[in-house]
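Quick note on my numbering: the sequence shown kicks off at 69 and runs consecutively.
Built from N, CA and C at the ideal position, the CB exists for glycine as well.
Following: one structure in structure tokens, then a few remarks.
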Amino acid sequence: MMKPSSPSRLQLLSFALALLLTGVACSHASEGEQGKTKEPAKPAASTAAAPAAAQAVPPAAPGTAGAPASAAPAGAAPTLSPEKLPAVVARINGKEIKKADLLKEAEGLKSQLGGATLPPALPAAFYRQVLDGLIARELLLGDAKASGITVSDAEVNKQLDGLKSRFPKPEDYQKALAANGLSEATLASTAREQILVQKYVDAKVMPTLPATSDAAMKSFYDQNLEKMKQPERRHLRHILIKADKDTPAADKTKAKTKAEALLARIKKGEDFAKLAKENSDDPGSKENGGDLSWVQKGQTVPAFEQAAWTLKKNELSPVVESPFGYHIIQLLDVQESRVMPFEEVKSRIGEFLKQKQGQDQVRAKIQDLRTKAKVETFI
């Protein structure tokens, strides 16, 4: 029920470098896909607070050159049909970037932008933006390799294993590969490049950044007080008896009956946390006694949210039905909407400002590498 990233979108990894280098924030795509379609999982303690600093000036990824979606508004800029693209769209020190590579990246980025963000006929400026990203990637990869940075098979396998673990079954992973026109070898190659660029940035860029002063962090805080507001949060715990849309009617009845029996036992004085550990079907919270920590509106499915926001402190809900089954919800505490104190968000502001410095440095590095290389573009 807490918002997860969608594991079926395997392109998030395969196009990660293109997103990184062209300024399309991959995290935004993930958030857009995060439907309210998962059983509750315990959020991090800073779930509600963490985005505040980032919202003030959304951090672009290292190497950005501006978001393609805004480079050429629909209807305002000339479009470029794929048929008119040359077979070779660029050369970097003699290495060719082919039309097929550009189209693959462009389609991937269009998909990550949600499709409807861009018109079916892509603006010429969009293709050029994507090409700039491809060139930037090649320049960074080349300099990383020249610097002696390497990526081990173990590092690649670890990243791929993390991706695979997000799929319920191995065959789901294979289906996602096929649906996105990817092979495991292609995915591994992309992961290797992604890791190499990240290691390059970590080794060559981030250590050179000056420490962010307290004055700079406080100035950022003072200038973005509106973004430091935290909405009302509720500390909740629950027990889920699973019964999704595919559950037979007889089994759904049994699940509801079980939930009602558990609710009656809690009302008679049995320990909520103990019953959650023994009975809840939510793997993300059962070991914590059903504790979901602090939740704010928009983080759970509507039926759950509606019930949770009618409760008073320490009150139990009746059995609540959601797309995942039957819930018993208890409100433990309420934190009213507030402006977070500077000391509470100081570390996150510092990290945000450091990332922004890093992005500026990577952009400068790409520009420096580009001036030293022989770069030819043909669109």
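Are A329 and K320 closer than 9 Å when you measure CB to CB? Contact annotation: A329 and K320 have beta-carbon atoms that are not nearer than 9 Å.
Jot down the residue ranges of each uninterrupted alpha helix (DSSP H) in the segment 241 to 324, minimum 4 residues, whole runs only, in chain order. Here the runs fully enclosed are 252 to 272, 282 to 291.
Identity of the residue in Q242, L250, T258 nearest E223 by Cα: Nearest option by C-alpha distance: T258.
Is Q298 near the ligand GDP, judged by its Cβ being under 8 Å from some heavy atom? Because no ligand of any kind appears in the structure shown, any question about the ligand GDP cannot be addressed here.
Run the CB neighbour count on G143, radius 10 Å, all protein chains shown included, and call it buried at 16 or more, exposed below. Bear in mind that a pLDDT of 48 at G143, under 50, signals an unreliable position, so the model cannot answer this.
Using DSSP with H/G/I as helix, E/B as strand and the rest coil, what is K354? K354 falls in the helix class under three-state DSSP.
Count the other CB atoms within 10 Å of the CB of K178; is the residue buried (16 or more) or exposed (fewer)? It is buried - the Cβ of K178 has at least 16 other Cβ atoms within 10 Å.
Run through DSSP, which three-state label would G366 get? In the structure shown, G366 adopts coil according to DSSP, grouped into three states.
Helix, strand or coil at R416 [DSSP, three-state]: Helix at R416.
Rounding to the nearest angstrom, what Cα-Cα distance links E294 and S287 in this structure? Whole-angstrom Cα-Cα distance: 14 Å.
Quick one, are the C-beta atoms of L199 and K433 less than 9 Å apart? Contact flag unset, no.
I need the DSSP call for P191, collapsed to helix, strand or coil. Residue state, collapsed to three classes: strand.
Taking Cβ to Cβ, would you say F446 is nearer than 9 Å to V157? Yes.
Alpha-carbon spacing of Q429 relative to Q403, whole angstroms: Computed Cα separation, rounded: 39 Å.
Using DSSP with H/G/I as helix, E/B as strand and the rest coil, what is I396? It is a strand residue.
In angstroms, rounded to a whole number, what distance separates the CA positions of N248 and P391? Roughly 28 Å separates the two Cα atoms.
Quick one: give me the first and last residue of the beta strand (DSSP E) that K342 is part of. First-last for K342: 340 to 347, but that is the alpha helix (DSSP H), not the beta strand (DSSP E).
What are the start and end residues of the beta strand (DSSP E) that includes K163? Unbroken beta strand (DSSP E) run through K163: 163 to 166.
According to the Cβ coordinates, are L255 and T218 closer than 9 Å? No, Cβ-Cβ distance for L255 and T218 is not below 9 Å.
Rounded to the nearest angstrom, what separates G201 and Q427 at their Cα positions? Our two residues, G201 and Q427, have alpha carbons roughly 14 Å apart in a direct line.
In whole angstroms, what separates the C-alpha of R302 from that of Q398? Using only the alpha carbons, I get a separation of about 10 Å.
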